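Enquirer: Handing you a structure now.
There are 2 protein chains.
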Amino acid sequence: MGEKNLLKESYRKTKYQITGHGIRNVQVLKDALDQVDGEQESDLYGEGKVIEDFQEKMAEFLGKESAVFFPSGTMAQQIALRIWCDQKGINRVAYHPLCHLEIHEEEGLKKLHHIDSVLLADKNRVITLEDVVNMKEDVSCVLLELPQREIGGQLPDYETLVGISDFCRSKEIKLHLDGARLFEILPYYKKTAAEVCALFDSVYVSFYKGIGGVAGAILAGEKSFTNQSKVWKRRHGGDLISLNPYIISADTNFDERKDKMQKYFENAIELAELFNQCNRVKTIPEVPVSNMFHVHFDEPKERMDDLLAEIYRATNIGMTGNLRETGKNECFFEASTGDSYDSIPKDKLLELFSLLDERIKEMNFII
Amino acid sequence: MGEKNLLKESYRKTKYQITGHGIRNVQVLKDALDQVDGEQESDLYGEGKVIEDFQEKMAEFLGKESAVFFPSGTMAQQIALRIWCDQKGINRVAYHPLCHLEIHEEEGLKKLHHIDSVLLADKNRVITLEDVVNMKEDVSCVLLELPQREIGGQLPDYETLVGISDFCRSKEIKLHLDGARLFEILPYYKKTAAEVCALFDSVYVSFYKGIGGVAGAILAGEKSFTNQSKVWKRRHGGDLISLNPYIISADTNFDERKDKMQKYFENAIELAELFNQCNRVKTIPEVPVSNMFHVHFDEPKERMDDLLAEIYRATNIGMTGNLRETGKNECFFEASTGDSYDSIPKDKLLELFSLLDERIKEMNFII
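Residue numbers (the working numbering), protein chains in the order written: chain C, 176 to 542; chain X, 176 to 542.
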């Protein structure tokens, strides 16, 4: 507890960070609002130019007929699955064991929508075509998360996606995309968003990961689907009188960052290589397929907390504020490259990694 | 349709408005953010100084042990009722036939929480002690909305509230306050918020009615209750990564307007009197008990749409952008006084009402 706070405090004081777009503070919203005329009218319960324009813009980008802005992905995705379950009359969906709905939403899908889940694949790998084909129970919808965040942002190859999509269509199972980090994987697949989304019946994307907005999500699909999602948005309490603080920040940051995803991806590969050159450190995946990966240390969390805090103070570069324990002698953190990475002078960055490697070696009497 | 838009367009072009705090635009948020340092850290999934400080401040103001910030009242109130129903094991609550949950939420309470409602009182009057005492079915919770918005913001007398509260406690029925406009009724009751809230087990208040913030709500009660509400907030998709755009605007506008409610109340009484002096116009209630009331015209909506649009153009003062039909020859609108009212020069205001009365008389050949 004390140690964790020490690491977080030490991280907050650093001038540079290897991940992200900088500290999440009020300035992010101020900067977005500075690009907008104060006289611009607010949206009103899902209507008005600001929300309708952004929804149309995103529908076009994603290659879908229609799109709806939601305050959160949690809300958008539960609703998508509910619509597909109601349509088919089967209250069961299939997804990865580490799906956001399974582990981060306090069982909202079960408690609010009475929808059961079938868990596909082992938790340490991505879903394969075989996992889907071999499902024993009938489901209304299969959800794929691209990339699979909780295992470092891994991806199936594109042929697997096409295979799963074809199979689901042949079996009248809807395919939903958890695209919280969809923009971030396009450089790896070398596809447009619309090309990837064409494989799915419904798509959710987020605006506060790689895009760096304040909050908010888009749910896209056919108009009959999004119309129903608006009714559920009202039921969930998500049809706020005005969502424009989130919409404006989503819109301006989307414009600013959507074309930087290639650079974030390349930087992630470079950064992962720097980690992998250190003793007792490895990344998952070894070579990133998006802007994210996990950094694993073969060291107890307490030792790494102290060691990282010391290195932050020495170099003025932060790596993470939050190490998570995976075993008695192992811990890890999630890294996502953003605007911050390129602001670090290269010699400072190399100094950071040589110090990290050196201190780990010292700690383990490696000569 | 064309007529309605004409009225709305005409209303939007007016310099002065008799109700509200002015047009809802981005400037409202910009003004709030101007009062905050850009370096202020964002809240993170319900934690952090900005959200915790505001929750504590509101808990104290409402005289409750604990308070939780929600993106919307729809979400907060469904959750409050769900907690009370789960606790008692009876999925039934009682409220007014025109309760927000019954008519504005697409049956979220039933579709998401499987909670049934018992409708108390005739829809044109407020709930009495007798209505509650004579309930035939057992319920987990009674919800009172103060003031009862859909009938012009009427209020029971304070003794009735005390009676209902005592009765519910004796029967182990929870009492929940829909206090969307709680701040607005304190001058009439001559009570503090904490005194009114002491009669209730759980309380919801809103920050974009009289307070004039962008959006957002507080749900307050005992800590065991609010802790459960946080879990449900996550399930609903309301535990956003950052709610600070709403919190900051709620907080700054609360400070700015909480002590103006007496003035809004007095202005509502004055304004209602001006309406009641006109032919074929009456307000409900005749004498307002908060900052709100309904203005009824004994005229067909189409005629009043044209007439009001004409008067707005002539006087540069708007009354409403939205008339609602109640019968073939009757229509009404909701009025809520705010900052705008006092900005209207008094002679202009009297000119508006003499023109309104004159034009209605002309239309009806009243000499």
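For every residue, glycine included, the Cβ atom is placed at its ideal position computed from N, Cα and C. Computed from a predicted structure; not experimentally measured.
1. Is the segment 211–226 of chain C in contact with the segment 413–427 of chain C, if contact means three or more CB pairs nearer than 8 Å?
2. Count Cβ pairs between the segment 352–362 of chain C and the segment 298–316 of chain C that sit closer than 8 Å; are there 3 or more?
3. Taking only the alpha-carbon atoms, compute the straight-line gap between P460(C) and K224(C) and give it to the nearest angstrom.
4. D206(X): beta carbon under 7 Å from a heavy atom of the ligand NAD?
5. Is the CB of E214(C) under 8 Å away from at least one CB in chain X?
6. Ignoring anything shorter than 3 residues or poking outside the segment 243–275 of chain C, list the beta strand (DSSP E) runs there in chain order.
7. Just list the residues that DSSP pairs M467(X) with in beta bridges.
8. Assign V203(C) to buried or exposed, taking buried as 16 or more other Cβ atoms, counted over all protein chains shown, within 10 Å of its Cβ.
9. What's the gap between the Cα of E370(C) and the Cα of M467(C)?
10. Can you list, in chain order, the residues of its chain whose CB lies under 6 Å from that of S404(C), leaving out five sequence neighbours each side?
11. Determine the DSSP secondary structure at V200(C), reduced to helix, strand or coil.
12. Quick check on the DSSP output: what are the complete alpha helix (DSSP H) runs of length 4 or more inside the segment 289–321 of chain X, in order along the chain?
13. Determine, using beta carbons only, whether H139(X) comes closer than 8 Å to chain C.
14. Could you tell me which residues DSSP pairs with G543(C) in its beta bridges?
15. Would you kindly check if the distance between the Cβ of D517(X) and the Cβ of G197(X) is under 8 Å?
16. Assuming the contact rule is C-beta atoms closer than 8 Å, I386(X) and I226(X) should be a hit. Round their C-beta distance to whole Å, please.
17. Closest to S340(C) by CA distance: which of D291(C), P420(C) and C372(C) is it?
18. Could you spell out where the beta strand (DSSP E) holding V456(C) opens and where it closes?
19. Please classify E320(X): is it buried, with 16 or more other beta-carbons within 10 angstroms of its beta-carbon, or exposed?
20. When you compare only the Cα positions, how much space is there between W259(X) and G396(C)?
21. Are the segment 483–492 of chain C and the segment 517–536 of chain C touching, with three or more C-beta to C-beta distances below 8 Å?
22. Strictly below 8 Å CB to CB, what residues from chain X border N200(C)?
23. If L330(X) sits next to V301(X), beta carbons under 8 Å apart, how far is it from one beta carbon to the other, in whole angstroms?
24. What residue range does the alpha helix (DSSP H) around E184(C) cover?
25. Below 8 Å CB to CB, which residues in the same chain sit around L361(X) once its five sequence neighbours on both sides are set aside?
26. Closer than 8 Å, CB to CB, is Q262(C) near chain X or not?
27. Given a threshold of 16 other Cβ atoms within 10 Å of its Cβ, counted over all protein chains shown, does R322(X) qualify as buried or as exposed?
28. In three-state DSSP terms, what is E448(C)?
29. Rounded to whole angstroms, what's the CA-CA distance from K410(C) to Q252(X)? Just pull it up for me.
30. How is the beta strand (DSSP E) around I393(C) delimited, first residue to last?
31. Secondary structure at T495(C), three-state DSSP: helix, strand or coil?
32. For F429(C) and V464(C), what's the separation of their Cα atoms in angstroms?
33. Answer yes or no: does any C-beta atom of chain X fall closer than 8 Å to that of K286(C)?
34. For V462(X), count the other beta carbons within 10 Å of its own beta carbon; 16 or more makes it buried, fewer makes it exposed. Which is it?
35. How should G195(X) be labelled, buried or exposed, when 16 other C-beta atoms within 10 angstroms of its C-beta is the threshold for buried?
36. Note down, in chain order, all residues in the segment 360–387 of chain C with a beta-carbon under 9 Å from any beta-carbon belonging to chain X.
Expert: Short version:
1. Contact between the segment 211–226 of chain C and the segment 413–427 of chain C is present, because at least three Cβ pairs lie under 8 Å.
2. Cβ pair count under 8 Å is below three, so no.
3. Going from the Cα of P460(C) to the Cα of K224(C) covers about 42 Å.
4. Absent from the structure shown: the ligand NAD. Ligands present: none.
5. By this cut-off, E214(C) is an interface position.
6. DSSP runs (the beta strand (DSSP E)) wholly in the segment 243–275 of chain C: 267–270.
7. In the DSSP assignment, M467(X) is bridged to S511(X).
8. Buried, by the Cβ-count rule.
9. Each residue's Cα considered, the two are about 22 Å apart.
10. Same-chain partners within the cutoff: V243, I254 and L394.
11. Residue identity differs from the one stated: residue 200(C) is Asn in this sequence, not Val. DSSP places N200(C) within a strand segment (E or B) once states are collapsed to three.
12. If we require 4 residues or more, the alpha helix (DSSP H) runs fully inside the segment 289–321 of chain X come out as 304–308.
13. Chain X is shown only over 176 to 542; residue 139(X) falls outside these bounds and no answer can be derived.
14. A question about residue 543(C) goes unanswered here, because the residues of chain C that appear run from 176 up to 542.
15. Cβ atoms of G197(X) and D517(X): not closer than 8 Å.
16. About 17 Å; that fails the 8 Å criterion.
17. When only C-alpha atoms are compared, the closest one is C372(C).
18. Unbroken beta strand (DSSP E) run through V456(C): V456 to I459.
19. Residue burial annotation: E320(X) is buried, with at least 16 other C-beta atoms found within 10 angstroms of its C-beta.
20. The straight-line gap from Cα to Cα measures roughly 37 Å.
21. A contact exists between the segment 483–492 of chain C and the segment 517–536 of chain C.
22. Residues of chain X passing the Cβ test: G213, E214, Q215, E216 and S217.
23. Correct: roughly 7 Å between the Cβ atoms.
24. It spans G177 to R187 - the alpha helix (DSSP H) in which E184(C) sits, taken as one unbroken run.
25. Here the set comprises T367, A368, V371 and M436.
26. False, the Cβ-Cβ gap to chain X never drops below 8 Å.
27. In the sequence under discussion, the amino acid at residue 322(X) is Pro, which differs from the Arg named in the question. P322(X) is buried by the Cβ-count criterion.
28. Looking at E448(C) - three-state DSSP - the assignment turns out to be helix.
29. The sequence given here has Arg at residue 410(C), not Lys. Taking the Cα positions, R410(C) is about 11 Å away from Q252(X).
30. I393(C) -> beta strand (DSSP E) spans A392 to G396.
31. Of the three classes helix, strand and coil, the one that applies to T495(C) here is coil, per DSSP.
32. So the alpha carbons of these two residues sit roughly 21 Å apart.
33. Output row for K286(C): interface = yes.
34. Burial check for V462(X): the Cβ neighbour count within 10 Å stays below 16, so the residue is exposed.
35. Classification of G195(X): buried, given that the 10 Å Cβ count is 16 or more.
36. So the close ones are Y383.
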